[in-house]
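Numbering (the numbering used here), first residue to last: 45 to 322.
First up is the structure itself, then whatever we jot down about it.
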Amino acid sequence: MLEVERLTAGYAGPLGRDRVTVVKDVSIRVGEGEIVGLVGESGCGKTTLARVITGLSRPSAGVVRFAGVDVHALRGRALRAHRRHIQMVFQDPYLTLSPRQTVRQALVEPLRIHRIGDTRSRSARVDELLDLVGLDPGVGERRPRQLSGGQRQRVAIARALSLGPRLLVCDEPVTALDVSVQAKVLNLLCDLRDRLGLACLFIAHDLSVVRQLADRIAVMRDGRIVEQGPTQDVTAGPRHPYTRALLAATPTIDLGPVASGVHPIGEHVPASRPPGQG
Ligand SMILES: Nc1ncnc2c1ncn2[C@@H]1O[C@H](COP(=O)(O)OP(=O)(O)O)[C@@H](O)[C@H]1O
Ligand SMILES: [Mg+2]
Numbered sequence: 045m046l047e048v049e050r051l052t053a054g055y056a057g058p059l060g061r062d063r064v065t066v067v068k069d070v071s072i073r074v075g076e077g078e079i080v081g082l083v084g085e086s087g088c089g090k091t092t093l094a095r096v097i098t099g100l101s102r103p104s105a106g107v108v109r110f111a112g113v114d115v116h117a118l119r120g121r122a123l124r125a126h127r128r129h130i131q132m133v134f135q136d137p138y139l140t141l142s143p144r145q146t147v148r149q150a151l152v153e154p155l156r157i158h159r160i161g162d163t164r165s166r167s168a169r170v171d172e173l174l175d176l177v178g179l180d181p182g183v184g185e186r187r188p189r190q191l192s193g194g195q196r197q198r199v200a201i202a203r204a205l206s207l208g209p210r211l212l213v214c215d216e217p218v219t220a221l222d223v224s225v226q227a228k229v230l231n232l233l234c235d236l237r238d239r240l241g242l243a244c245l246f247i248a249h250d251l252s253v254v255r256q257l258a259d260r261i262a263v264m265r266d267g268r269i270v271e272q273g274p275t276q277d278v279t280a281g282p283r284h285p286y287t288r289a290l291l292a293a294t295p296t297i298d299l300g301p302v303a304s305g306v307h308p309i310g311e312h313v314p315a316s317r318p319p320g321q322g
């Protein structure tokens with residue numbers, strides 16, 4: 045469904061200096077209803093890649109195809125129609141939620157912009173969206189700052205779902221949340237996949253988060269994908285030293301001597317944090 049082929053992207057250097065390449069020759073695929081985890085330390089280029097995939101910025105080389113269509117070749121009406129298919133969820137829900145709007149207003153807005161339905165059907169759709177993300181209908185009358193962090197992220201997810209996308213690109217959606225709340229949001233994404241057949245590119249800097257829900261994992265370092273494969277393969281038999289370092293830094297592996305003497309995740313690697321995590 046989503047095919048990213050040999051994608052390169054970056055930013056113009058300051059004061060006309062050379063372009064800085066941040067995403068380097070990245071190829072990655074997400075199938076229908078599949079959850080793919082993209083993991084790598086802070087600053088490695090994950091958000092830049094996500095923005096190019098969702099069409100928010102342009103690549104300098106390579107192609108992003110969705111359902112066979114080159115996303116960056118679309119213009120005007122075709123582009124607007126395409127935007128409904130891929131939606132992004134950010135680490136900070138305030139990037140999508142205005143502090144002045146009630147939850148209900150925030151959820152109705154995309155429907156109004158895309159001229160979907162009438163007042164009545166939009167209101168019914170909002171109730172449906174709140175239910176879908178596990179929020180009480182009463183939450184609709186609140187404003188973002190009257191919600192917990194987890195509730196706010198659920199609202200951001202509901203808004204991303206409002207136009208019926210087939211793929212969500214979630215950029216560190218649980219990074220700012222408490223661990224107990226993180227698990228609930230991860231469960232929600234799995235649930236949405238099961239109920240809606242929704243595919244997800246799930247981005248995090250923490251492999252222990254990604255492995256909980258991803259079918260496949262791609263490991264990014266300094267703008268490149270250094271390893272990708274089924275979650276089981278990548279976590280049980282990592283081939284790249286960097287993947288091993290990431291695994292060693294996750295709490296599940298950092299248990300010290302295990303009673304049975306068998307390490308829970310295959311090969312033992314000294315527990316050291318890769319630089320710049322977080
Ligand atoms: N708007 C921008 N202009 C110039 N450089 C940027 C911009 N956004 C990010 N960068 C740089 O691109 C690199 C990758 O950033 P980013 O894609 O945000 O990484 P990640 O999401 O993995 O933390 C970083 O070195 C960052 O400083
Ligand atoms: Mg980022």
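All C-beta atoms in this analysis are idealised placements derived from N, C-alpha and C, irrespective of residue type, glycine included.
Rounded separation between residue i and residue j - CA only
i, j, result
"G60", "R121", "33 Å"
"G300", "T92", "Note on G300: pLDDT 40, under 50, position unreliable in the model; no value is reported."
"R119", "M45", "20 Å"
"L291", "A262", "13 Å"
"T279", "R166", "43 Å"
"D114", "E47", "9 Å"
"L207", "R102", "23 Å"
"G81", "V177", "21 Å"
"R127", "L205", "12 Å"
Distance CB(residue i)-CB(residue j) smaller than 8 Å
i, j, result
"D323", "P282", "Here the chain has residues from 45 to 322 only, and residue 323 is not among them."
"L233", "L251", "no"
"V199", "L191", "yes"
"P209", "I130", "yes"
"G112", "G241", "no"
"T140", "R186", "no"
"D132", "V223", "Residue identity check: residue 132 is Met in the sequence provided, not Asp. No."
Rounded Cβ spacing between residue i and residue j (contact assumed at less than 8 Å)
i, j, result
"R50", "G106", "4 Å"
"V66", "A56", "Actually they do not touch by this definition, with Cβ atoms about 11 Å apart."
"L151", "R203", "6 Å"
"C244", "R255", "That pair is no contact at about 14 Å."
"Q197", "P137", "5 Å"
Element boundaries [beta strand (DSSP E), containing residue i]
i, result
"Y55", "46 to 55"
"I72", "64 to 74"
"I201", "Careful: I201 lies outside any beta strand (DSSP E), inside the alpha helix (DSSP H) at 193 to 205."
Where the alpha helix (DSSP H) containing residue i begins and where it ends
i, result
"E172", "163 to 176"
"C88", "Segment: none, C88 is in no alpha helix (DSSP H) and carries neither H nor E."
Cβ pair count under 8 Å reaching 3, the segment 261 to 281 against the segment 69 to 80 = The count of Cβ pairs closer than 8 Å, one atom from the segment 261 to 281 and one from the segment 69 to 80, reaches three, so the stretches are in contact.
Answer yes if the segment 214 to 227 comes into contact with the segment 237 to 249, meaning at least three C-beta pairs across the two stretches below 8 Å, and no otherwise.
-> yes
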